[in-house]
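Asks: Numbering-wise, our numbering comes out as the position in the sequence shown, counting from 1, plus 12. Beta carbons are placed, not taken as given, at the ideal position from N, Cα and C, and that holds for glycine. The following block contains the structure, expressed as structure tokens.
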Amino acid sequence: MNNQSVAFRLEGLSKTFYPLIPWHRHRAVEAVRGINLPVPRGCILSLLGPNGAGKTTTIKMIAGLLLATHGSVTFYDEAGNELRSRPRLGAVLEGTRNLYWRLSPRENLYYFGELKGLPLSQIRRETDELLGMFDLADKARASTQTLSRGMQQKVAVAIALLGGPEILLLDEPTLGLDVESSRLIQRRLRELVERERCTIILTTHQMELAARVADRIGIISHGRLIAEDSLANLIAFFRRQDYELQLPAAEWERLRREVSQFKFTEEPGSLDAEVTVVFHLDNTAGYYALSERLLMLRPQFISLRQVTPSLEDIFLEITRHYSEEDAGGKL
């Protein structure tokens, strides 16, 4: 990927936290281990991973809030030239901890606007726009500490959007938000990417959110980036010959022994009298063998369909594989 299409590049990015006591250095924690990643300009990259995988630490190093132990973060302009300082950057880190609780939402926006060096006229205009966008106009002068958790999160996101950032770093940005507010933020993020070519790094535990808004998915486990690609490519790569059969429970009791040579998992269906069985087949030949067997047995089934893996399925399979095999690099 050439530098003209890259907003920034992580090269060998690593972070080790050492104990303060010298003779306890053997207890050092490797939070991030040698991440190499070019991040395309004008896209949303969602970083997924278990708690403690290194997602927040990675974002903090990109933002310059933590120094890397090894490796580097390099930013580029649209001509592909290396920048000597970070471009305009907005961030939501660790929920609402960046807010000043005794200030109102309006005062918080003014304060951070001045920190960003924005002209007063721009601060006033964008503050009014953002308060209106997030339905905070009637709470504009209330103390932030009196607002609900969801409203505080809206203020944090509004601050990150102030000044038209070129890069947005969002750590769980929809945490505590209701469905309507979450969808509003999702729409705004897509607008920033499509209209303004903003580059967004988004961490979340909400697989549906990542699948809905992200252009690319990165999966981090034990501090390593173990997979990174578009969702479509990940689904194609991990697509298996899985077929879901839904049928009456009594009918499944009759069939279970007859199809025991096939790998399957079963779970209760939507009704107590129904069972959903997923057959895990190794290849297309396995599908034909199962089809022939079912045709011979003539079961009274409700539905039979191929299962497309969800992002959650892919995430669980990749992280499980990495944990079992202790893979050293990216898939």
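Among the candidates R109, R209 and Q258, whose CA atom is the shortest distance from the CA of P319?
Replies: The sequence as given places Val at residue 319; Pro does not occur at that position. Comparing Cα-Cα distances from V319 to each of R109, R209 and Q258, the minimum goes to Q258.
Asks: Determine the burial state of E240: buried for a count of at least 16 other Cβ atoms within 10 Å of its Cβ, exposed for fewer.
Replies: The residue in question, E240, is buried, as its Cβ has 16 or more Cβ neighbours within 10 Å.
Asks: Beta-carbon within less than 7 Å of S116's beta-carbon, same chain only, minus the 5 sequence neighbours each way: which residues are those?
Replies: Taken in chain order, the residues that qualify are A152, R153, A154, S155 and T156.
Asks: Under 8 Å by Cβ, that's how I've got L204 and I212 pegged, so tell me the actual separation to the nearest angstrom.
Replies: Right, their Cβ atoms sit about 7 Å apart.
Asks: Tell me whether A19 is buried or exposed, calling it buried when 16 or more other Cβ atoms sit within 10 Å of its Cβ.
Replies: So A19 counts as buried.
Asks: Is the distance from the Cβ of L323 to the Cβ of A223 below 7 Å?
Replies: Yes; because the gap between Cβ atoms is below 7 Å, this pair is in contact.
Asks: In angstroms, rounded to a whole number, what distance separates the CA positions of L196 and I330?
Replies: The alpha-carbon atoms of L196 and I330 are separated by roughly 31 Å.
Asks: Straight-line CA distance for A297 to R269?
Replies: Approximately 21 Å between the Cα atoms of the pair.
Asks: With H, G and I counted as helix, E and B as strand and the rest as coil, what does DSSP make of D190?
Replies: If DSSP states are grouped into helix, strand and coil, D190 belongs with coil.
Asks: DSSP puts K275 in a beta bridge; with which residues?
Replies: DSSP, once it has assigned bridges, lists H292 as partnering K275.
Asks: Identify, in the order they occur along the chain, each residue of the same chain with its Cβ nearer than 7 Å to the Cβ of A80, setting aside the five sequence neighbours on each side.
Replies: Cβ within range, chain order: L25, S26, K27 and M73.
Asks: Could you check where the beta strand (DSSP E) with S26 kicks off and where it finishes?
Replies: Segment V18 to F29, the beta strand (DSSP E) holding S26.
Asks: Who are Y88's beta bridge partners in DSSP?
Replies: Beta-bridge pairing links Y88 to E94.
Asks: Please report how far the alpha carbon of L148 lies from the alpha carbon of L78, in whole angstroms.
Replies: Going from the Cα of L148 to the Cα of L78 covers about 32 Å.
Asks: For the pair the segment 165-178 and the segment 139-148, tell me if three or more CB-CB distances fall below 8 Å.
Replies: Enough Cβ pairs lie closer than 8 Å, so yes.
Asks: Hey, which unbroken runs of the alpha helix (DSSP H) at 4 residues or more fall wholly within the segment 90-178?
Replies: If we require 4 residues or more, the alpha helix (DSSP H) runs fully inside the segment 90-178 come out as 117-127, 132-145 and 161-173.
Asks: In whole angstroms, what is the alpha-carbon distance linking G129 and A103?
Replies: Cα-Cα distance, rounded: 16 Å.
Asks: Output needed for L201: all residues of its chain with C-beta closer than 7 Å, excluding positions within five of it in sequence on either side, in chain order.
Replies: Same-chain partners within the cutoff: I56, I212 and V225.
Asks: Excluding the 5 residues preceding and the 5 following G125 in the sequence, name in chain order all residues of the same chain whose CB lies nearer than 6 Å to its CB.
Replies: Taken in chain order, the residues that qualify are I135 and L174.
Asks: Apart from the five residues on each side of it in sequence, which residues of its chain come closer than 8 Å, Cβ to Cβ, to Q198?
Replies: So the qualifying residues of the chain are T186, L221, R224 and V225.
Asks: Report yes if the C-beta distance between P177 and L121 is below 7 Å; otherwise report no.
Replies: No. Outside cutoff.
Asks: Report the option in G230, L182 and S194 whose CA atom is closest to the CA atom of C210.
Replies: It is L182.
Asks: Considering only residues of the same chain and omitting the five flanking positions on each side of L95, which have a CB-CB separation below 7 Å?
Replies: F87, Y88 and D89, listed in sequence order.
Asks: From F291, Q273, S272 and T70, pick the residue whose C-alpha is nearest to that of E279; which is it?
Replies: When only C-alpha atoms are compared, the closest one is F291.
Asks: Do A43 and G61 have their beta-carbon atoms positioned less than 7 Å apart in this structure?
Replies: No, they are not a contact pair.
Asks: Would you report the Cα separation of E304 and S272, rounded to the nearest angstrom?
Replies: Each residue's Cα considered, the two are about 14 Å apart.
Asks: Which one or two residues does DSSP pair with V205 in a beta bridge?
Replies: DSSP, once it has assigned bridges, lists no residue as partnering V205.
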